[in-house]
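First comes the structure, then the notes that go with it.
Number of protein chains: 4
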Amino acid sequence: MINVALFGLGRIGQMHGENLHAHKKFNLKYTFDIDKNLSKKISRKFNTISIDNPKIAFKDKNIDVVFIASSTPTHINLINEATKYKKVVFCEKPLDLDIKKVNICKKNIKKFNPKIQLGFNRRYDPGHNSLKKDLQKGTIGKLEKIIITSRDPAPPPINYLKVSGGIFKDMMIHDFDLIRFYLQNDEVDSIYSIGSNVSDKRFNKIKDYELASCILKSKNGVQCIITNSRHCSFGYDQRVELFGSNGMLISGNKNENETQTFTKNSTSQKKPLLNFFIDRYVDAYKLQLDELASYTIKRKQPISSFEDGRRALIIANAASASLKEKKQIKIQF
Amino acid sequence: MINVALFGLGRIGQMHGENLHAHKKFNLKYTFDIDKNLSKKISRKFNTISIDNPKIAFKDKNIDVVFIASSTPTHINLINEATKYKKVVFCEKPLDLDIKKVNICKKNIKKFNPKIQLGFNRRYDPGHNSLKKDLQKGTIGKLEKIIITSRDPAPPPINYLKVSGGIFKDMMIHDFDLIRFYLQNDEVDSIYSIGSNVSDKRFNKIKDYELASCILKSKNGVQCIITNSRHCSFGYDQRVELFGSNGMLISGNKNENETQTFTKNSTSQKKPLLNFFIDRYVDAYKLQLDELASYTIKRKQPISSFEDGRRALIIANAASASLKEKKQIKIQF
Amino acid sequence: MINVALFGLGRIGQMHGENLHAHKKFNLKYTFDIDKNLSKKISRKFNTISIDNPKIAFKDKNIDVVFIASSTPTHINLINEATKYKKVVFCEKPLDLDIKKVNICKKNIKKFNPKIQLGFNRRYDPGHNSLKKDLQKGTIGKLEKIIITSRDPAPPPINYLKVSGGIFKDMMIHDFDLIRFYLQNDEVDSIYSIGSNVSDKRFNKIKDYELASCILKSKNGVQCIITNSRHCSFGYDQRVELFGSNGMLISGNKNENETQTFTKNSTSQKKPLLNFFIDRYVDAYKLQLDELASYTIKRKQPISSFEDGRRALIIANAASASLKEKKQIKIQF
Amino acid sequence: MINVALFGLGRIGQMHGENLHAHKKFNLKYTFDIDKNLSKKISRKFNTISIDNPKIAFKDKNIDVVFIASSTPTHINLINEATKYKKVVFCEKPLDLDIKKVNICKKNIKKFNPKIQLGFNRRYDPGHNSLKKDLQKGTIGKLEKIIITSRDPAPPPINYLKVSGGIFKDMMIHDFDLIRFYLQNDEVDSIYSIGSNVSDKRFNKIKDYELASCILKSKNGVQCIITNSRHCSFGYDQRVELFGSNGMLISGNKNENETQTFTKNSTSQKKPLLNFFIDRYVDAYKLQLDELASYTIKRKQPISSFEDGRRALIIANAASASLKEKKQIKIQF
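Residue numbers (the working numbering), protein chains in the order written: chain A, 6 to 338; chain B, 6 to 338; chain C, 6 to 338; chain D, 6 to 338.
Structure (structure tokens):
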């Protein structure tokens, strides 16, 4: 059994807790949250030791994995500590909102030969992931275009939005990473982005955007398009299209169920899309844990790394710069 | 150019007239209808000679094809005459409602080595027809099941229904023929049928059915299911499913256009199905004419023959018998 | 917590064990199997008391639910005992292969005011179940046709097939039940059935069928079609179509994932269907347990009862009779 | 009958010729092509007067419509002449490759109160057009995003490409126009574009692109994405997606027929897309003529005008500028 200490017991932390608890290879030993009441409640639920001080987990030689699901500003410190103590680290995205802090961390932890898996869950989604496999098999020949549609059912609360880092760092960062996932031996070279607010004018006040679109170009000339929206009336719209010299691959949406309705005015009417990211990516979150287990036991490199987190953040910063300067920004990693 | 005499200028006759007129290989020379005014009107439209007496066409040595689109009771006589004069004959379905008359005709015309193409338009539909080709290529291995759904948008007028011969001879005859089309070297062996009226009780009065279903079994054990309805709120529902040892083939419906609507309550909502048989089978009617041209010029056997018409009628009679006797009826051709 | 004793630890028993173990409202206390080694192994896995004698569970006043997942011939005896001890009973389908035993049981247990939920899992499938809700809402007007396609990916082992009771009692019984589920205040009135073996001739030897089809008619004239196959190359084909005076509802298949491939020769190519009934009906099995919990705690009547199991078996017997006698069989419940 | 003079008898001219010939409201009187043999051949086919000098048509007072399907450099002169003679003009896209010539023409012809319909066929496509209607009905609320995918099955010959004006003026001009069609009372404000050659390196030599993508932003903040490819292995890929505050509308592709294949490795496999623009937009070309007839007879304004042609060209020029300067270009009409 792999012993785990879980940091952060909010919505996503609890979900990871459930999955770790149910997973045959993990033993959830410690749980920690700055909210002590929450910490105790969750510890009872999963039968863990609730700790007040992260050090307890770091110093426990039986702890194999430090699982970071706490708020973004705490990530880098926890990574620093955990790598020092030679733990395998799982860290939720994003690493941090400040690329400088991430770069310093990168330098600092190098000497510990760090083992860090990043929480880019979409790489693990059975649909999105199978596109990569088909691409590698050569099903569509040479990759020429990547088109990603990502629309949340509804915006998070305004208080969250204010500290989120903006649509590029908070939301589109998933899509930047997904593009790099498909590019493989190629890399993002430039970006252009726009943002606008058409329906929900609250975003103007916090200098953020409900709608954003980007065009990225890879070193090999692959054209990548991302279109994001903070709202989507028909559910959680998550699609990927890969176009190549010999074909096209599409990873589509998941509906509430597989029924269709035919009436006088319309046919083949399907149910709305799954509305919640935890439902939509339920399998991805589980497969992510399987990989964490392989990483811990067999040292099999995970498909999502610290460096992937760093690069996605660099692209997000370039997206913001492009929006301000109204021009193409060259990416430097 | 192939010279044609067209008999019958009702709705379907006019449609054939349009297609013959537009076809590069046909010259529509004579048109005939018992309604003389209609006959004159249509003759002006297509620039044909309107004739009062069918004999004129039969005796004209330049006439290659006699095209029969008149009412059902006139078919057999016109076939008798046309074959005597060595014309190539195209005849709309059904041959007749009385199998005895058809059998006598079969005997009578044998000596003329008749050339007759029957108007089973669905055999020519690009979708339904491509299933046959895929079946022959072995795409789905051994054929095991044929499932046909056929639903008209709305019932014809009650006066038509009264003389239609009933749902099996008037409507399901198309499906009986389509089953034989896919069975190829196999043949229908038995049938069981039911009929009922759930919503439109007018059918009770004329001793006919708005809903009918059949199970047929072939000599090789292929199970065939037909489901018919005289009404269909969402359009003209025309589907074929072939199930085999290695796969399945489906020929689906045609929608008004290829758009989809996504809203709060439903997704992927398509437009209604094409509502009218002439729209739905527009390509089939044209391909039917192409085959008539090949038949006339190159003596290439058409895929739909007099014997196909005769056998479909025999099955329709067996369907009626099964319904009455509440048991399986063995088919004898 | 609801205390449960689980009988039968084969494939389906273990699956129920997993679900009961994971369910928040159930405490899996006892497990029993005639294979003692298996019993011990599973008891360790789920941390239960492995019992040698079912009586232990029946006599334990803390046991609320007797969960029967053992082999078919043991069902009736366990029901007799469990109802005597006032337990809530969950019983897998079919109740038994012999309708006489079922009828006697019905009489015997009546005095105990039995609480029995039957394992017709498909009634709980989110897709199939939502069709019923839409039907009740009047989405398609009056129900006129029910068409069920049910094809297993591959036949069970021949040894299982020999004692299975045949395709009607073992496989199509699910579909007979589903038809009754949709008919609601209506009831099945007559049936006609055929069976045949086209590809897998082993079925001839055991006097069973790889392919079967039925037409049933309800008292109100609803036409019901079932088509079964013991094999299906492209996965587990499970579809329901409800046709009504104002529309149509379809519950479709589940694919391995939501991807599509477009290449030179084909477009919109999807992945194969889910191949295993436990994967396909994973949600149904969980929802079934939710209902069992409500039944136990709140006495809320489940949607699948002993009487449903008895009636499905009567229809299956009628299907066999029809096949032998080659005629429509009137159903008497 | 509306008397028409048709200029240009190449591939597209002949197609228009066929449609004009078959249309009930048009009489194709004159045909002209610089290739005199072609001109004679086509004049025999459609039974028209083949003319050597366009003046003959202009001076004929019975000619109502001048139909311009000749090569791009001839368009402006023919428009100048035709408007002077008060003819209704239909002109194929693009108006010209040089915006200066178009602007001068605009000034010159103003005094004649010109009646010009432009050949942006996609506005007339039943699918694309029905999206506009649904948008106007408010089906998706406020328009927020327009996403257009347009991929040709294969590039035109290199000799054509060399004089085509490049991918923006020759191909994407359709999509620029379509965006303006959906924007209605809004207008394109800025554009950013990229181009690249991944598979077909011939495009490098002629300084053109096989792949291009654009992001446009409207004055109201609507984000518009266009993705073009000069090749597409699976057919003619033509899709439009409109995303709004309350929903999404999609206009999808047309397949060769409506069949699906299911085998061991894949399911719901459809036939390739229609491969040829004349097949794909067959209905659009006919509806375009219907509108030309209404324009001529009833002076009903067509949905595609000279000004639409001019503005699409201005956007195409801005796209080229953006690509060179690697920045957002503000559009000035």
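All residues carry an ideal CB built from backbone N, CA and C; glycine is no exception.
Roughly how many angstroms separate the alpha carbons of residue i and residue j, rounded to a whole number?
i             : j             : result
residue 234/C : residue 292/C : 27 Å
residue 286/B : residue 24/B  : 13 Å
residue 222/B : residue 325/B : 16 Å
residue 263/D : residue 168/A : 50 Å
residue 277/A : residue 159/A : 14 Å
residue 145/C : residue 156/B : 15 Å
residue 93/C  : residue 66/C  : 12 Å
residue 267/C : residue 218/D : 21 Å
residue 208/D : residue 103/D : 22 Å
residue 224/D : residue 314/D : 20 Å
residue 20/C  : residue 309/C : 19 Å
residue 175/A : residue 242/B : 47 Å
residue 63/A  : residue 127/C : 49 Å
residue 161/D : residue 177/D : 14 Å
residue 238/A : residue 248/D : 10 Å
residue 49/C  : residue 79/C  : 24 Å
residue 250/B : residue 271/D : 15 Å
residue 338/C : residue 316/C : 6 Å
residue 301/A : residue 125/C : 42 Å
residue 1/B   : residue 216/B : In the structure as shown, chain B starts at 6 and stops at 338, and residue 1/B therefore has no counterpart that could be examined.
residue 122/A : residue 101/A : 15 Å
Under the DSSP definition of a beta bridge, which residues are partnered with residue i?
i             : result
residue 200/D : 217/D
residue 10/C  : 35/C and 71/C
residue 156/A : 234/A and 242/A
residue 287/B : Answer is none; residue 287/B lacks a bridge partner.
residue 334/D : 196/D
residue 255/A : 246/A and 265/C
residue 95/A  : 72/A and 122/A
residue 42/C  : Per DSSP, none; premise fails for residue 42/C.
residue 275/A : 265/A and 272/B
residue 229/C : 151/C and 221/C
residue 327/D : Answer is none; residue 327/D lacks a bridge partner.
Assuming residue i and residue j form a contact by the criterion Cβ under 8 Å, report the distance between their Cβ atoms to the nearest whole angstrom.
i             : j             : result
residue 244/B : residue 252/B : Incorrect: roughly 17 Å between the Cβ atoms, too far for contact.
residue 333/A : residue 197/A : 5 Å
residue 294/D : residue 31/D  : 7 Å
residue 3/A   : residue 163/A : As shown, chain A starts at 6 and ends at 338. That puts residue 3/A outside it, with no answer to give.
residue 3/D   : residue 22/D  : For chain D, the structure presents residues 6 to 338; residue 3/D sits outside this window and is missing.
residue 240/C : residue 279/C : 6 Å
Leaving out five residues on either side along the sequence, give the residues of the same chain with a beta carbon under 6 Å from the beta carbon of residue i.
i             : result
residue 39/B  : none
residue 8/A   : 32, 34, 67, 68 and 69
residue 255/B : 246
Whose C-beta lies closer than 7 Å to the C-beta of residue i among residues of the same chain, with five residues either side of it excluded?
i             : result
residue 213/A : 166, 171 and 172
residue 320/D : 181, 193, 196 and 336
residue 44/C  : 14, 36, 37, 38 and 55
residue 322/B : 104
Check your understanding: On the three-pair Cβ rule with 8 Å, is the region 201 to 218 of chain D touching the region 215 to 233 of chain C?
Key -> Cβ pair count under 8 Å is below three, so no.
Review point. Is the region 59 to 69 of chain A in contact with the region 83 to 100 of chain A, if contact means three or more CB pairs nearer than 8 Å?
Key: They touch, by the three-pair rule.
Exercise for review: Report yes or no: do the region 68 to 77 of chain B and the region 6 to 14 of chain B share at least 3 C-beta pairs separated by less than 8 Å?
Suggested key: Touching, per the Cβ criterion.
Point to revise | the region 103 to 118 of chain C / the region 131 to 138 of chain C touching (three or more Cβ pairs under 8 Å) | key: No, because fewer than three Cβ pairs between the region 103 to 118 of chain C and the region 131 to 138 of chain C fall closer than 8 Å, the two stretches do not touch.
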